[in-house]
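Participant: So the sequence shown is numbered by our numbering: it starts at 2 and just counts up by one. Here it is, the structure, as structure tokens.
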Amino acid sequence: MKRKFITSAVILVCFLLESTIFQNLAFATVKPNLLIVVTSSFGFMRGKKAGLFVGFSSGLLADLFWGSALGFNMLLYAVIGYANGSFKRMFYDDDIKLPIVLISVSDFLYGLFTYACIYMLRGDFAFLTYLMKIIMPELVYTILVTLALYQIILHINKKLEEEEQRSASKFV
2 MKRKFITSAV ILVCFLLEST IFQNLAFATV KPNLLIVVTS SFGFMRGKKA GLFVGFSSGL
62 LADLFWGSAL GFNMLLYAVI GYANGSFKRM FYDDDIKLPI VLISVSDFLY GLFTYACIYM
122 LRGDFAFLTY LMKIIMPELV YTILVTLALY QIILHINKKL EEEEQRSASK FV
């Protein structure tokens with residue numbers, strides 16, 4: 002119960018940061034995708050179910066407040082969280098290479114699917130422009146923010162795991 006509450010709080014805080022502070026820190030209308038960082042991180046730290054839950058929740062917030070169609074971001078974030086959950090066995094706390102690669106790939110795929118499903122279907126075929134002016138700058142900005150945000154999420158996850166292990170050992 003405590004884990005779900007704290008996970009929900011992390012999602013909400015990142016959503017609020019993305020929609021307020023980072024809205025003002027945007028470079029050429031590009032801001033980092035903190036919800037992708039949270040979704041991917043919880044996916045590979047906690048597994049497929051946690052990634053799916055965090056992705057669905059993050060996508061719901063994105064759809065309700067920023068989206069043009071309810072369900073697009075929910076589905077996309079849920080799939081990203083679930084896919085990142087597949088890498089749980091490869092995840093080690095002290096190795097930052099895997100998280101950076103997974104978050105980068107997730108953000109890049111998010112940008113590609115957003116272009117394909119929203120812009121290309123409306124007749125906007127300027128893919129290279131979208132790639133160079135939106136997808137790649139957002140990817141770089143997201144990676145830079147990931148270096149700090151990931152450490153915070155990792156610390157929260159470690160504390161929750163330690164507490165869960167202590168409470169489990171009391172009952173054994």
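Glycine residues also receive a C-beta, built at the ideal position from the N, C-alpha and C atoms.
Are the CB atoms of GLY56 and GLY82 within a distance shorter than 8 Å?
Facilitator: Yes, they are a contact pair.
Participant: With the cut-off set at 8 Å, would you say PHE66 and TYR142 are in Cβ contact?
Facilitator: no
Participant: Roughly how many angstroms separate the alpha carbons of LEU161 and LYS5, rounded to a whole number?
Facilitator: 10 Å
Participant: Looking at GLY112: is its Cβ nearer than 8 Å to the Cβ of ILE135?
Facilitator: yes
Participant: DSSP state of PHE54, grouped into three classes?
Facilitator: Of the three classes helix, strand and coil, the one that applies to PHE54 here is helix, per DSSP.
Participant: Can you find the residues in the same chain that come closer than 7 Å, C-beta to C-beta, to MET91, ignoring five residues on each side of it along the sequence?
Facilitator: LEU99
Participant: Among GLN166, GLU164, GLU165, ILE97, which one has its Cα closest to the Cα of THR147?
Facilitator: ILE97
Participant: Indicate the three-state DSSP secondary structure (helix, strand or coil) for PHE175 in the structure shown.
Facilitator: Residue 175 lies beyond the range of the chain shown here (2 to 173); nothing can be said about it.
Participant: One question on the structure: do MET2 and ASN158 come within less than 8 Å of each other, judged by their Cβ atoms?
Facilitator: In this structure, MET2 sits away from ASN158, with a CB-CB distance that is not shorter than 8 Å.
Participant: Helix, strand or coil for PHE28, going by three-state DSSP, please let me know.
Facilitator: strand
Participant: Looking at LEU36 and PHE54, is the spacing between their C-beta atoms short of 8 Å?
Facilitator: no
Participant: Along the chain, where does the alpha helix (DSSP H) that runs through ASN34 open and close?
Facilitator: Neither: ASN34 is in no alpha helix (DSSP H) and is coded neither H nor E.
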